[in-house]
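Residue numbers (the numbering used here): 125 to 279.
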């Protein structure tokens, strides 16, 4: 079971609807058109249309599976004093004194450029359940990071 924010769930559902109602019918039409052009074994257009069809079907199935096994998080029931899903956490790396702020999200919402890290990442997993002032130790490829939690805000 995956937990998603309402915004992410809605965006995945919209992408799925777009793929099913607009993209897949066009892909099917393109495939039929390429197929009608003759010998399939020597038809690059047909092979390309089949490849695109396969990618589209794969993405549709992937999104269906995510949405089927996901639940939308109600931010009102999440703890405000501990790091949890949808927490915006400011922490200090104790070895470099560098401060960072990230929002803890599900793996399907991870976006480092937007400041969102997965709760399954080494840093996200280490921060989960901690309170302000506590030290989290994250095992990363370069060693162990000691992170002091400075503040926690929900959403």
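In this text, a Cβ means the ideal position worked out from N, Cα and C, and glycines have one as well.
**OP:** Within the stretch 163-222, note down every full alpha helix (DSSP H) run reaching 4 residues or more, in order along the chain.
**Re:** 168-192
**OP:** Could you name each continuous beta strand (DSSP E) segment of 3 residues or more that falls completely within the stretch 218-274, going from the start of the chain to the end?
**Re:** 222-229, 240-242 and 259-264
Subject >> Those residues which DSSP pairs with residue 157 across a bridge >> reply: Sequence index remark: in the chain shown, residue 157 carries index 33 (1-based). In DSSP, residue 157 forms no bridge with anything.
Original post:
When you compare only the Cα positions, how much space is there between residue 144 and residue 172?
Top reply: Here residue 144 corresponds to residue number 20 of the chain shown, with the count starting at 1. Here residue 172 corresponds to residue number 48 of the chain shown, with the count starting at 1. Cα to Cα, residue 144 sits roughly 19 Å from residue 172.
Original post:
Are the Cβ atoms of residue 186 and residue 272 separated by less than 8 Å?
Top reply: Here the question's residue 186 lines up with position 62 in the chain shown. Here the question's residue 272 lines up with position 148 in the chain shown. Not a contact, by the Cβ cut-off of 8 Å.
**OP:** Check the DSSP bridge columns for residue 127 and list the partner residues they point to.
**Re:** What you label residue 127 is simply residue 3 of the chain shown in a count that begins at 1. Its beta-bridge partners are 195.
Original post:
Measuring CA to CA, which of 225, 266 and 202 is closest to residue 278?
Top reply: Mapped onto the chain shown, residue 278 falls at position 154. Comparing Cα-Cα distances from residue 278 to each of 225, 266 and 202, the minimum goes to 202.
Original post:
So what's residue 150 in DSSP terms, helix, strand or just coil?
Top reply: Looking up residue 150 in the chain shown gives position 26. Three-state result, residue 150: helix.
**OP:** Would you tell me roughly how many angstroms separate the C-alpha atoms of residue 266 and residue 219, rounded to the nearest one?
**Re:** By 1-based counting over the chain shown, the position of residue 266 is 142. By 1-based counting over the chain shown, the position of residue 219 is 95. So the two alpha carbons sit approximately 12 Å from each other.
Original post:
For residue 144, which of helix, strand or coil comes out of DSSP?
Top reply: Translated into positions along the chain shown, residue 144 becomes position 20. If DSSP states are grouped into helix, strand and coil, residue 144 belongs with the helices.
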